[in-house]
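Engineer:
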Amino acid sequence: MYMIEEDESNTRPPLLDGTNFADWKPRMTAFLKSMDIKAWKAVIFAKEVWKKLEALHEGTSKVKTSRLQLLSSKFESLRMMEDESIDGLLIPHSLASRILSILSAESRALISSINTLTERRSEVDALSCQLKALIPSSSSHKFF
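The numbering used here puts the first residue of the sequence shown at 98, with every later residue one more than the last.
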């Protein structure tokens, strides 16, 4: 197999092999700046946009950590009351309700549509069973 080796060329970017990141990072920065300052500015801009998108859609790492800690503490404090059934304890705290509370409005709309279609299918299945019950089978009735 052909091994790619790094040379000291100014026209080729430095090679990242997975073990040399600390050396590679400043060399790649210098390489991009030497090629064209616009290329370096594009990299910086893309990194800023990425961080903003990440914070917008996932929250900052502090927000994610605090959300996880809150859910963990709620789970740890989960206790069943003497007059409460297992269903009464589990249903409000089910995984599905937690997932639905986190999902975006678009996802909830999609899930709502899926649930509606599932309900409609159940209705169609019920009507189909009723029709089958009303239509006599050919073996039980004689036709002219």
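Every residue, glycine too, gets a C-beta built ideally from N, C-alpha and C.
With DSSP collapsed to three states, give me the class of L112.
Structural biologist: coil
Engineer: Would you call P111 buried or exposed, if buried means 16 or more other Cβ atoms sit within 10 Å of its Cβ?
Structural biologist: buried
Engineer: Hey, how far is the Cα of T215 from the Cα of S209?
Structural biologist: Looking at the two C-alpha atoms, the distance is approximately 10 Å.
Engineer: Secondary structure at S219, three-state DSSP: helix, strand or coil?
Structural biologist: Helix at S219.
Engineer: Tell me the residue span of the alpha helix (DSSP H) that contains I141.
Structural biologist: Per DSSP, the continuous alpha helix (DSSP H) segment holding I141 begins and ends at I134 to E155.
Engineer: Along the chain, where does the alpha helix (DSSP H) that runs through E173 open and close?
Structural biologist: That run of the alpha helix (DSSP H) goes S158 to E173.
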